[in-house]
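Okay, so the sequence shown: first residue is 141 according to our numbering, each after it adds one. Virtual Cβ for every residue (Gly too), placed ideally from N, Cα, C.
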Amino acid sequence: MLAAERQHRILLLARQEGRVEVTAAAADFAVAVETIRRDLSELERRGLVRRTHGGAYPVESTGFETDLAQRVTRHVEAKRRIAAEAVKLVGEAESVFVDEGYTPQLLAALLPADRPLTVVTASLSTAAAVADSASMTVLLLGGRVRSRTMATVGSWACAMLSGFVIDLAFLGANGISRDLGLTTPDPAVADVKAKALEVSRRRVFMGHHSKFGASSFCRFAEVGDFETIVTDTELSTAEAHRYALLGPHVIRA
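What follows is the structure, given as structure tokens:
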């Protein structure tokens, strides 16, 4: 098998499974472990995967993006820890923006229900998670619904956001890089995230460690735009410190 064909199959495997392990791939393709490492290095050089210890994660791009059904099955425990830590930052906020995605959906379910709180979101799933709370006012942004994420995008969503002043925004991304900032594959999604960032007094990024060092197509924020980053403990202390030097307080849950 030629290297290009093997790398293509490795990429497909990573996208289907959410991760590829070096030793397992070496056995599957009947090649040396070092060969798979070289393949992953080449795929990383092309921006298609993000290398981690013992394997690699696929990088989401214009040609590949996981849907919500996949996100609710991957890294669930880490995402629960991230959401539980991030919700502690609500403080006295009376209005919050909660982004699309599974980790924000988990956070929404943990928002305080013992006092009035206005929740603004583009996510149908997030709105459904909190809509039955008597103490919460839920504002669902209008616009075109993306079937992949069950979230609204477009000029209507951005126009609604432009009329708000929000105390605190919880945002996610498909990639976060110290050099390239926060990115997502779809320009329409990037527009909503950028507008939410613009109208919010405080900004918190929540993301699994596999998002760090990865970049996608559309940039919507810089690392320094956030007061806090909440991730899991698989992000090394050294790497967390490098992000903290750009401004945010970094919490590893």
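An exposed status is given to Val305, since fewer than 16 other beta-carbon atoms sit within 10 Å of its beta-carbon. Taking all protein chains in view, the Cβ of His381 is surrounded by fewer than 16 other Cβ atoms within 10 Å, so the residue is classified as exposed.
Here His193 is exposed, its C-beta having fewer than 16 other C-beta atoms within 10 Å.
Counting only residues of its own chain and dropping the five nearest sequence neighbours on each side, Ala262 has a CB closer than 6 Å to the CB of Glu240, Leu281, Ala291, Thr292, Ala297, Val332. Excluding the 5 residues flanking it on each side, Thr277 has same chain C-beta neighbours closer than 8 Å at Pro256, Leu257, Thr258, Val259, in chain order. CA-CA distance, Gln147 to Arg341, rounds to 44 Å. In the DSSP assignment, Glu161 forms a beta bridge with Gly195. Our two residues, Ala226 and Ala233, have alpha carbons roughly 13 Å apart in a direct line. In the three-state DSSP reduction, Thr373 falls in the coil class, being neither helix nor strand. Across the set Ile150, Ala167, Tyr197, the C-alpha of Tyr197 shows the shortest separation from the C-alpha of Arg159.
Rounded to whole angstroms, the Cβ separation of Gly321 and Glu362 is 4 Å, and the two are in contact under 8 Å.
Residue pairing of Leu257 in beta bridges, as defined by DSSP: Met276. Around the beta carbon of Lys219, 16 or more other beta carbons lie within 10 angstroms, which makes this residue buried. With fewer than 16 neighbouring CB atoms inside 10 Å of its own CB, Val173 falls in the exposed class. Boundaries for Thr292: no alpha helix (DSSP H) harbours it, while the beta strand (DSSP E) harbouring it runs 291-293, taken from the DSSP string. In this model, Tyr242 and Thr175 are separated by some 35 Å (Cα to Cα). A residue is called buried once 16 or more other Cβ atoms fall within 10 Å of its Cβ, and Asp365 is buried on that count.
In the structure shown, Ser317 falls within a strand segment according to DSSP collapsed to helix, strand and coil.
For Arg191 and Glu184, the gap between their C-alpha atoms comes out near 7 Å. For Ile150, DSSP records no beta bridge to any residue. Ala393 is positioned such that its CB atom lies closer than 8 Å to that of Arg221. Note: Phe310 is bridge-paired with Val238, Val344 in the DSSP secondary-structure output. When DSSP states are grouped into helix, strand and coil, Leu183 belongs to the helix group.
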